[in-house]
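According to the working numbering, the stretch in the sequence shown is residues 421 to 676, in order.
Idealized CB from N, CA, C, for every residue including glycine.
Quick notes on the structure that follows.
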Amino acid sequence: MCLLCNKVLGNDSVKPSKLQDHLRRCHPDKTEKDLKYFQTLKDKFQKRPTLDRMFASTSQRNDDGLRASYNISLLIAKSGKPHTIAEKFILPAVEEVLKTVLHKPACDIIERIPLSNNTVERRIDEMSSDIESFLCNYLQTTHFSIQLDESTLPDNAALLLAYVRFIMNQEIYEELLFARTLITDTKDFESRFEDILTMVIPPWIINPYGDVEEANVIIQEELTELSTNEELKVQFKNGYQQFWLQNNIPVTYPVR
421 MCLLCNKVLG
431 NDSVKPSKLQ
441 DHLRRCHPDK
451 TEKDLKYFQT
461 LKDKFQKRPT
471 LDRMFASTSQ
481 RNDDGLRASY
491 NISLLIAKSG
501 KPHTIAEKFI
511 LPAVEEVLKT
521 VLHKPACDII
531 ERIPLSNNTV
541 ERRIDEMSSD
551 IESFLCNYLQ
561 TTHFSIQLDE
571 STLPDNAALL
581 LAYVRFIMNQ
591 EIYEELLFAR
601 TLITDTKDFE
611 SRFEDILTMV
621 IPPWIINPYG
631 DVEEANVIIQ
641 EELTELSTNE
651 ELKVQFKNGY
661 QQFWLQNNIP
671 VTYPVR
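Here it is in structure tokens:
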């Protein structure tokens, strides 16, 4: 193809003699041009905008916007801020920077960065799912320690948290494995065991070596005998719960 008139030449026309003849007949004003001139024509032809290049450029811009959307969603997730901050604050901030600092129209760039509330929420869910899958798969191939913790929310709901600690790439990592809401919370426990929580414990159970005058006569006799046992008195220092759970206490002093 001739770079001057864009005429498609046949295979037999690419011979040097025929090319020179075409140049003299069709472009006589260019016969005195040097090699650099024709090289420039070739470079311009190769760099001309084509349909493929237009689609490739558009695709690249869309890929950049998609990558920015994921990166911003990751920053939001790491900061612990609500995902709605992207649409309410980040996009207006980016638009202001483009207009004020770079003096560029912001609409075209903003439209290529999908940061709606639903989009950011979906991005975070996708990344968290990938992280969970990677963590579970890695824990199947290495040793790790696990720690359970319980936390209570303001609405009295109870959360069970599980943390794992493991070594990866010669570094110690600690990650949250899962957080689950307990079906039976403290409020449910209180309703089921209300009679136990409101039970009045006699003073002589808490301190059998103290004042036992309020107990009945039989219990007073047994507690009097108990008070003479110096060995048990030493064991009582560990607490009354552990003291009364000893195997020999119900047999030796069957108080009731």
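The alpha carbon of Ala488 has as its nearest neighbour, out of Thr460, Gln640, Tyr457 and Pro534, the alpha carbon of Pro534. Taken through DSSP and simplified to helix, strand or coil, Tyr490 comes out as helix. Boundaries for Ile533: no alpha helix (DSSP H) harbours it, and the DSSP string shows neither H nor E there.
Pairwise C-beta distances place the region 560 to 567 out of contact with the region 534 to 552, as fewer than three of them are shorter than 8 Å.
The straight-line gap separating the alpha-carbon atoms of Ile551 and Gly485 is approximately 23 Å. In this structure Ala513 is exposed. Its beta-carbon is surrounded by fewer than 16 other beta-carbon atoms within 10 angstroms.
Ala635 carries a coil assignment under DSSP once its states are collapsed to helix, strand and coil. Thr460: member of the alpha helix (DSSP H) spanning Leu455 to Gln466, first to last residue. Closest in alpha carbon position to Ile505, among Val517, Asp528, Lys435 and Asn538, is Asn538.
At a Cβ-Cβ threshold of 8 Å, Glu507 and Ile530 do not count as neighbours. Around the C-beta of Val620, fewer than 16 other C-beta atoms lie within 10 Å, and the residue is accordingly described as exposed. DSSP lists Phe586 as the beta-bridge partner residues of Phe564. Rounded to the nearest whole angstrom, the CA to CA distance from Thr562 to Ser549 is 20 Å. Under the three-state reduction of DSSP, Ile592 is assigned to strand. The three-state secondary structure of Phe598, taken from DSSP, is strand. In this structure, Arg600 lies away from Glu594, with their beta-carbon atoms at least 8 Å apart.
Between Leu596 and Leu573 the beta-carbon gap is near 16 Å, outside 8 Å, which marks them as no contact. Residue nearest to Phe598 within the set Tyr583, Ala526, Met588 and Ile587 is Tyr583 (criterion: CA-CA distance). In this structure, Glu634 sits near Pro623, with a CB-CB distance shorter than 8 Å.
According to the DSSP assignment, Ala577 belongs to no alpha helix (DSSP H), since it is labelled neither H nor E.
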